[in-house]
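One structure is given here, and the rest of the page talks about it.
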Amino acid sequence: PPTTLLRADHIEAKAKMKLSILALFALSGASAFSPAVSKGKTSTALHSSPGFSNINTSGFMSSASPNDIVFTPSQNVRIQGSTLRTCPIDPQVESVQFSLTGPSSRPVVCEVQLWSAPTYTPLDIKVYLEEGNARPFNCVLKTPGSGNTIAIRNTSTQEYPAIARVEPDAADMKRLMEMPQGELIQGSALKSYPIDAKTNRVVVMLKSQPGTVGSKLAAYVELLNGPNNVKQMMEIYGSDGYKRPLFVVFETPGEGNMLRIRNDATVEFPFFATIEPY
-10 PPTTLLRADH IEAKAKMKLS ILALFALSGA SAFSPAVSKG KTSTALHSSP GFSNINTSGF
50 MSSASPNDIV FTPSQNVRIQ GSTLRTCPID PQVESVQFSL TGPSSRPVVC EVQLWSAPTY
110 TPLDIKVYLE EGNARPFNCV LKTPGSGNTI AIRNTSTQEY PAIARVEPDA ADMKRLMEMP
170 QGELIQGSAL KSYPIDAKTN RVVVMLKSQP GTVGSKLAAY VELLNGPNNV KQMMEIYGSD
230 GYKRPLFVVF ETPGEGNMLR IRNDATVEFP FFATIEPY
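Numbering-wise (this note's numbering), the sequence shown opens with residue -10 and increments by one.
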């Protein structure tokens, strides 16, 4: 009958409508959970990123370009904060004179090392100067053999740059090695040495006692001007203070200057301290 056919057509139409609605929801649901496509990004290699370049095998790291890391002797080099500079030493040069100062009267804080091999550091000096350009740090180092490099790292911030210079030295070392043997400072002992007001500059020789096992040198040296007014301060470690003694020159103008030297090693490692006008 006609009524039956109408009902059948109506049921078929509703069924088709339900299928269409279900298909629409299925498509929209699939697009909702599919990952969004983003614009492509340029990949960057690890070693081209800032902070991963100029890494030295000794553990120092510089933020400068590779061409600025190494400098040559007899050349002033400005060292910004958190920056390393190295100066290779010619194998024929057996001693060098190293100086450290600042462009102004602001403090200078640096670490100076002598490298003799990729993993061997026979000398390490941490230096603090209260007035960089007024009281510079000067020392004479023995550099026998080949493969020697002077490394200077400015451990302060960018606001406190330093200026370093390395000079081949032969005459001074020969004369300094002839200095008489000074006072023996036992391990953990502290000695104070007032400086005469007429003496504008003194040289200090630190040398391990001969025959000491290992001849390690560990010292803490302060230059004071007035009660507890530290002008210079340095922490020194040497693997062999007998074969490689250290000579440090201090500027001591005016009155009230005093040197304090402490042996930071144990009683097995005494050293001699000699102080003379320079």
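Heads up, the beta-carbon is just placed ideally off N, CA and C, and yes, glycines get one too.
Rounded to whole angstroms, what is the Cα-Cα separation between Y267 and L195? Taking the straight line joining both Cα atoms gives about 15 Å.
Alpha carbon to alpha carbon, what distance is there between R251 and N214? Separation of N214 and R251 (C-alpha to C-alpha, rounded to the nearest whole angstrom) is 17 Å.
At 4 residues or longer, what runs of the alpha helix (DSSP H) sit wholly inside the segment 121 to 166? Listed in chain order, the complete alpha helix (DSSP H) runs (minimum 4 residues) inside the segment 121 to 166 are 160 to 165.
Same chain, Cβ closer than 6 Å to V210, neighbours up to 5 away in sequence not counted: Cβ neighbours of V210 beyond the five flanking positions: M223 and I250.
Distance, Cα to Cα, V116 vs V256? About 25 Å.
Smallest Cα separation from P242: which of R190, I141 and A178? For the set R190, I141 and A178, the Cα lying nearest the Cα of P242 is the one of R190.
For P125, count neighbouring Cβ atoms within 10 angstroms of its own Cβ and tell me buried if that reaches 16, exposed if not. Counting of Cβ neighbours within 10 angstroms places P125 among the buried residues, the total reaching 16 or more.
Take G29 and list the residues in its own chain whose beta-carbon comes closer than 7 Å to its own, dropping the five residues that flank it on each side. Reliability of the predicted coordinates at G29 is poor, the pLDDT of 37 falling under 50, and no value is obtained from them.
Does the Cβ-Cβ distance between Q147 and Q69 come in under 7 Å? The answer is yes: Cβ separation under 7 Å.
By the DSSP assignment, the beta strand (DSSP E) with T75 in it spans what residues? Counting along the chain, the beta strand (DSSP E) containing T75 begins and ends at T72 to P77.
Contact between the segment 217 to 233 and the segment 140 to 157: three or more CB pairs below 8 Å? With contact defined as three or more Cβ pairs closer than 8 Å, the segment 217 to 233 and the segment 140 to 157 are not in contact.
Exposed or buried, which one is N217 when buried takes at least 16 other CB atoms within 10 Å? When all chains shown are included, N217 counts as exposed.
Have a look at M50 and L103 and give me their C-alpha separation to the nearest angstrom. Here M50 scores only 32 on pLDDT, less than 50, and its place in the model should not be relied on; the value that follows carries that caveat. Their backbone Cα atoms lie some 16 Å apart in a straight line.
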